[in-house]
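One structure is given below, encoded as structure tokens.
Residue numbers (the working numbering), protein chains in the order written: chain A, 1 to 186; chain C, 1001 to 1357.
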């Protein structure tokens, strides 16, 4: 009986230690949010942020030159390329890629944690969206991904695994508020 | 003999007139508080086959005005039937709704030219007995247009062109319209005038597109998947419209229904969601449900298709409408309230026929 207790105690310590060793990913407000690709997904993100009363600033075309990293505690890039959105903004995919990479670089250089999110599902997957995501992924500290976006090819799961960064999945766009509430401790 | 000749001539002319001015079957319910014609907003439509009924549903309570448009393309039948169901069932409790169920009425007076295998009149059974859904053409009847199609279509207010000159008869290429232009341009102009004069705050132009699930070949041998536009909600690029669209899209998802959010392409001119939003103060949206009749099937079942039955498409349209209204109310406070419409699940359980008069 004593032997069983000792083994049980040792196992308990091991598992408790394991749990504590798992780093919990958290973010602090205020957040800076921008679009990467000018799809309406970025606006959906802001609607979700309003729902959970997150302190955020949204600038869909913020440039690295105009970005003040001291004003924020994290940066969120909502990835989704839209030809219509880019057209409305008067830029092409190359200019947009250059803009968001420079912005991510500045945020990273100033120690801001960076989140990439893809919330428009399979309909917003495609060469341009994937290009943007892959260009930004070296800067990412976490991914917020709609399940449907990842379902066909697990591109986002694979990126998270390769980079050893946390990935937070949500089924419906409105469920993203649970992810935001969790990581921001709202 | 002379008297007989006069009477005979009057009868012949009357019947010709009735034939030309085909009227679709709409049976207004208790929510309808007023009726007018689109020519009330632009005299040029009076006496033409494009003059179309306008239904007013006023709560008497202060609020916003919502314009619902069906039948911009008369082969997109879920749009006409959603608008018809709205007129026959809905009761507006706050604000005001204006419904144009057959926005281009000329299109319903002729068969679909895209797939002539689809019957012009589709019989359905309702509580009141048999009724017919009219499956018309995407564009204005060439006889109503009067002017022959140009070789290349050019949007009047811009240099935007399309290779297919028949697009001159497509209402959804003409906005904001032309007061003294061809009759389809005048139709678009009249809708813009209605929106301005009635102070429409938010509008939805319903459409249908080819359904997903098919793979087709391009002329160069490459393949593409169908359904690019299906389940899309297109918002005018104004940020308020996009934000309302974002809220609406999330709500539609909560019904486990597909939806793709997009915004107007500013380079593609003449479309309702872009031009109405830009030329008036109304927040503009367009939605696309999937119609099997717009696939490449030879004999599609446009009413009871296994994957995309009409009840599913009407239910989806109604879900988009209620979600847009909820989005508008979230942005501007409670301004619109509509009662007595079935939700998606009720329509799927009971059939759309149950909710027609």
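Ideal Cβ placement from N, Cα and C applies to all residues, glycine included.
### Message
Buried or exposed, going by whether 16 or more other CB atoms sit within 10 Å of the CB of residue 1260 of chain C?
### Response
As a first step, residue 1260 of chain C is located in the second chain; it is residue number 260 there, counting from the start. Buried.
### Query
Alpha carbon to alpha carbon, how far is residue 1308 of chain C from residue 1138 of chain C?
Taking the second chain and counting its residues from 1, one reaches residue 1308 of chain C at position 308. Taking the second chain and counting its residues from 1, one reaches residue 1138 of chain C at position 138. Going from the Cα of residue 1308 of chain C to the Cα of residue 1138 of chain C covers about 20 Å.
### residue 1032 of chain C and residue 1084 of chain C closer than 8 Å at C-beta
Within the second chain, numbered from 1, the residue matching residue 1032 of chain C stands at position 32. Within the second chain, numbered from 1, the residue matching residue 1084 of chain C stands at position 84. Contact flag unset, no.
### Query
Does DSSP put residue 52 of chain A in a helix, a strand or coil?
Taking the first residue of the first chain as 1, we reach residue 52 of chain A at position 52. Reduced to three states, the DSSP call for residue 52 of chain A is coil.
### Query
How many angstroms separate the CA atom of residue 26 of chain A from the CA atom of residue 179 of chain A?
Against the first chain, residue 26 of chain A aligns to sequence position 26. Against the first chain, residue 179 of chain A aligns to sequence position 179. If I take the Cα positions, the gap works out to 10 Å.
### Query
Quick one, which of C/1071, C/1301, C/1144 has its alpha-carbon nearest residue 1286 of chain C's?
Sequence index remark: in the second chain, residue 1286 of chain C carries index 286 (1-based). The shortest Cα separation from residue 1286 of chain C among C/1071, C/1301, C/1144 belongs to C/1071.
### Through-space distance from residue 182 of chain A to residue 1029 of chain C, alpha-carbon basis
Along the second chain, one-based indexing puts residue 1029 of chain C at 29. Along the first chain, one-based indexing puts residue 182 of chain A at 182. One C-alpha to the other measures close to 48 Å.
### Message
Can you check whether the C-beta of residue 87 of chain A is within less than 8 Å of a C-beta belonging to chain C?
### Response
Translated into positions along the first chain, residue 87 of chain A becomes position 87. Output row for residue 87 of chain A: interface = yes.
### Query
So which residues on chain A does residue 1253 of chain C lean against when the C-beta distance must stay under 8 Å?
Locating residue 1253 of chain C in the second chain gives position 253, where the first residue counts as 1. In chain order: 172, 173, 174.
### Query
Are the region 1334-1348 of chain C and the region 1092-1108 of chain C touching, with three or more C-beta to C-beta distances below 8 Å?
yes
### Task
Kindly say whether residue 1010 of chain C, judged by its beta-carbon, lies nearer than 8 Å to any beta-carbon of chain A.
Within the second chain, numbered from 1, the residue matching residue 1010 of chain C stands at position 10. Because the pLDDT of residue 1010 of chain C is 43, which lies under 50, any placement of that residue in the model is unreliable, and the question is left without a value.
### Backbone CA spacing between residue 1050 of chain C and residue 1210 of chain C [nearest angstrom]
Looking up residue 1050 of chain C in the second chain gives position 50. Looking up residue 1210 of chain C in the second chain gives position 210. Using only the alpha carbons, I get a separation of about 26 Å.
### Query
Do residue 137 of chain A and residue 159 of chain A come within 8 Å of each other at the CB atom, strictly closer than that value?
Numbered from its first residue, the first chain carries residue 159 of chain A at position 159. Numbered from its first residue, the first chain carries residue 137 of chain A at position 137. The answer is yes: Cβ separation under 8 Å.
### Query
Among C/1063, C/1251, C/1256, C/1319, which residue has its Cα nearest to the Cα of residue 1288 of chain C?
Counting from 1 along the second chain, the entry for residue 1288 of chain C is found at position 288. If we check each option's Cα against that of residue 1288 of chain C, C/1319 comes out closest.
### Task
Enumerate in chain order the residues of its own chain whose CB-to-CB distance from residue 106 of chain A is below 7 Å, with the five nearest sequence positions on each side excluded.
Position 106 of the first chain holds residue 106 of chain A. Spatial neighbours of residue 106 of chain A in its own chain (CB-CB distance under 7 Å, excluding positions within 5 residues in sequence) are listed in chain order as 64, 67, 69.
### Task
Compute the beta-carbon to beta-carbon distance between residue 1300 of chain C and residue 1227 of chain C, rounded to the nearest angstrom, for a pair I have assumed lies under 8 Å.
Numbered from its first residue, the second chain carries residue 1300 of chain C at position 300. Numbered from its first residue, the second chain carries residue 1227 of chain C at position 227. At roughly 14 Å, the Cβ-Cβ gap does not stay under 8 Å, so residue 1300 of chain C and residue 1227 of chain C are not in contact.
### Query
With DSSP run on the structure shown, which of helix, strand or coil describes residue 62 of chain A?
Counting from one through the first chain, the residue named residue 62 of chain A turns up at place 62. Residue state, collapsed to three classes: coil.
### Message
Between the alpha carbons of residue 1190 of chain C and residue 1041 of chain C, how many angstroms are there, rounded?
### Response
Counting from one through the second chain, the residue named residue 1190 of chain C turns up at place 190. Counting from one through the second chain, the residue named residue 1041 of chain C turns up at place 41. Rounded to whole angstroms, residue 1190 of chain C to residue 1041 of chain C spans 6 Å at the Cα level.
### Message
Please identify the residue among C/1357, C/1101, C/1127, C/1283 whose C-alpha is closest to the C-alpha of residue 1064 of chain C.
### Response
Taking the first residue of the second chain as position 1, residue 1064 of chain C is located at position 64. Of the candidates C/1357, C/1101, C/1127, C/1283, the one whose C-alpha sits nearest the C-alpha of residue 1064 of chain C is C/1283.
#### Entry: Under 9 Å (Cβ pairs) to chain A, residues found in the region 1236-1251 of chain C
1237, 1239, 1242, 1243, 1245, 1246, 1247, 1249, 1250, 1251
### Message
Nearest by alpha-carbon distance to residue 1069 of chain C: which of C/1212, C/1281, C/1194, C/1343 is it?
### Response
The residue you call residue 1069 of chain C lines up with position 69 of the second chain. Nearest of C/1212, C/1281, C/1194, C/1343 to residue 1069 of chain C, Cα basis: C/1194.
### Under 8 Å between C-beta atoms of residue 38 of chain A and residue 173 of chain A
Residue mapping note: residue 38 of chain A aligns to position 38 of the first chain, counting from 1. Residue mapping note: residue 173 of chain A aligns to position 173 of the first chain, counting from 1. No, the pair does not count as a contact, with Cβ atoms beyond the cut-off.
### Task
Would you identify the three-state DSSP class for residue 1035 of chain C, choosing helix, strand or coil?
Taking the second chain and counting its residues from 1, the one referred to as residue 1035 of chain C is at position 35. Three-state result, residue 1035 of chain C: strand.
#### Entry: Backbone CA spacing between residue 145 of chain A and residue 41 of chain A [nearest angstrom]
As a position in the first chain, residue 145 of chain A is number 145, starting the count at 1. As a position in the first chain, residue 41 of chain A is number 41, starting the count at 1. Computed Cα separation, rounded: 12 Å.
### Proximal residues, the region 31-51 of chain A versus chain C, C-beta separation under 7 Å
40, 43, 44, 47
### Query
Skipping 5 residues on each side, what residues in its chain have a beta carbon closer than 6 Å to that of residue 110 of chain A?
Taking the first residue of the first chain as 1, we reach residue 110 of chain A at position 110. Cβ within range, chain order: 69.
#### Entry: Start-to-end residues for the alpha helix (DSSP H) that takes in residue 98 of chain A
Walking along the first chain from the start, residue 98 of chain A turns up at place 98. Unbroken alpha helix (DSSP H) run through residue 98 of chain A: 93-109.
### Query
Taking all protein chains shown into account, do 16 or more other C-beta atoms lie within 10 angstroms of the C-beta of residue 1130 of chain C, making it buried, or fewer, making it exposed?
Here residue 1130 of chain C refers to the residue found at position 130 when the second chain is read from its first residue. Answer is exposed; the Cβ neighbour count stays below 16.
### Task
Return the chain-ordered list of same chain residues with a C-beta closer than 7 Å to the C-beta of residue 1358 of chain C, the five sequence neighbours on each side being excluded.
Summary: the structure shown does not reach residue 1358 of chain C, with chain C confined to residues 1001 through 1357, and so no result is reported for it.
### Query
Is residue 1264 of chain C close to chain A, meaning its C-beta is less than 8 Å from at least one C-beta of that chain?
Numbered from 1 along the second chain, position 264 holds the residue referred to as residue 1264 of chain C. Chain A contact via Cβ: present.
### Query
In chain C, what lies closer than 9 Å to residue 216 of chain A by C-beta?
Given that chain A is displayed from residue 1 to residue 186, the structure contains no residue 216 of chain A and the question cannot be resolved.
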